[in-house]
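For reference, the structure discussed in these notes is given below.
Numbering (the numbering used here), first residue to last: 12 to 360.
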């Protein structure tokens, strides 16, 4: 194993870390830079990691790039907020405008697996009425599909991520069960439940991407807390321990510590590959298709700096909106002080 995952790539020489076994490795196919792969994917988080898996399983030659390290959670994650700062992409960025974005742990992720390595695991389904928002709720537009059409896809993802959730939702029409039982509420959840009941409000445990029961060599949640700084027991399901190993076993190559700096296009205005920096050298991977899955910050950055004579304002920017109106994630939070001890950090959020 490389001594420092942040300094030396681990996905090379025909093998990659197996995050489910201490010191484990798994064989990994490698592609030459001058080999025209079917897909080059920039980013290995919720979008890129999942797509790399599915494309490889369907037989496409796939190379996925990530600027971050390939961590081994069972060996290298700790229940320590300062130690786990290594998961966040807080490198200096230039953000202008009247309300510049303050970057932090909630909106960044620099690791194979992306922000899913430290996400809060909340795995809500789209509510049925949201598919017909214009008709039923009077805003936005209706989706061109019915909510029932999504259950095949929900089932596949929820099985892969071992979602733990309530048997029944108290709102809306009946929907299929989650694969695993809901977790016990932590102390903060109990306070919220008590408040809801006092106000006559319905409530239910939140669906979470963390194991509530054993599955193979994966271990159930031990309620140690610190879920959003990286799970050291692998109870939390993420791209790092679900989609990425599947992608590698299906024939995809994942290149860690590989920062993509430019997407190249030819005279036909089609993508030909990506320029990337790895181990101190700029390299070029040929590809028939390029997928940019670098989150709300790195995706527009890469599209804009890939400008050329045919695309002077950057790729995919005929609207002029790439890089503008930046939004990351929405969130809601309530903070309060209580007489009893809460220990809000213990257990899944």
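The beta-carbon is built from N, C-alpha and C at its ideal position, and this holds for glycine as well.
Between the alpha carbons of residue 116 and residue 329, how many angstroms are there, rounded? Mapped onto the chain shown, residue 116 falls at position 105. Mapped onto the chain shown, residue 329 falls at position 318. Approximately 32 Å, taken between the alpha carbons.
Identify whether residue 164 lies in helix, strand or coil by the three-state DSSP scheme. To locate residue 164, count along the chain shown from 1; it is residue 153. If DSSP states are grouped into helix, strand and coil, residue 164 belongs with the helices.
Let me know the secondary structure DSSP gives residue 189 once reduced to three states. One-based indexing of the chain shown puts residue 189 at position 178. Residue 189 falls in the coil class under three-state DSSP.
When the Cα atoms are used, what is the spatial distance from residue 17 to residue 76? Translated into the one-based positions of the chain shown, residue 17 becomes position 6. Translated into the one-based positions of the chain shown, residue 76 becomes position 65. If you take the alpha carbons of residue 17 and residue 76, they lie about 15 Å apart.
With distances taken between CB atoms, is the gap from residue 268 to residue 19 smaller than 9 Å? Against the chain shown, residue 268 aligns to sequence position 257. Against the chain shown, residue 19 aligns to sequence position 8. Closer than 9 Å, so yes.
Outcome for residue 96 when other beta-carbon atoms lying within 10 angstroms are tallied against a minimum of 16: Within the chain shown, residue 96 is the residue found at index 85, counting from 1. By the 10 Å Cβ count, residue 96 comes out exposed.
Own chain partners of residue 55 with C-beta closer than 7 Å, once the 5 adjacent residues on each side are dropped: As a working note, residue 55 is residue 44 in the chain shown. Cβ neighbours of residue 55 beyond the five flanking positions: 63, 75, 77, 123, 124, 125, 250, 255, 265.
Whole-angstrom Cβ separation of residue 181 and residue 216, contact assumed at under 8 Å? The residue given as residue 181 occupies position 170 in the chain shown. The residue given as residue 216 occupies position 205 in the chain shown. That belief does not hold up - the Cβ atoms of residue 181 and residue 216 are roughly 11 Å apart, past 8 Å.
Near residue 311, which residues of its chain fall below 6 Å by C-beta distance, leaving aside the five closest residues on each side in sequence? Counting from one through the chain shown, the residue named residue 311 turns up at place 300. The residues are 333, 334.
Do residue 145 and residue 153 count as a contact pair if the criterion is CB distance below 9 Å? Reading the chain shown from its first residue, position 142 is the one you call residue 153. Reading the chain shown from its first residue, position 134 is the one you call residue 145. Against a cut-off of 9 Å, the Cβ pair of residue 145 and residue 153 comes out as a contact.
Quick check on this structure: which residue in 336, 294, 285 has the alpha carbon closest to the alpha carbon of residue 313? Locating residue 313 in the chain shown gives position 302, counting from the first residue. Among 336, 294, 285, the Cα nearest to that of residue 313 belongs to 285.
Assess contact between the region 38-49 and the region 286-301, defined as three or more Cβ pairs (one per stretch) separated by less than 8 Å. Is contact present? yes
Assumed close pair residue 359, residue 219 - CB separation to whole angstroms, cut-off 8 Å: Translated into the one-based positions of the chain shown, residue 359 becomes position 348. Translated into the one-based positions of the chain shown, residue 219 becomes position 208. The Cβ separation is near 5 Å, so the contact holds.
What's the gap between the Cα of residue 39 and the Cα of residue 173? Looking up residue 39 in the chain shown gives position 28. Looking up residue 173 in the chain shown gives position 162. If I take the Cα positions, the gap works out to 25 Å.
Straight-line CA distance for residue 133 to residue 205? Counting from one through the chain shown, the residue named residue 133 turns up at place 122. Counting from one through the chain shown, the residue named residue 205 turns up at place 194. Each residue's alpha carbon lies about 21 Å from the other.
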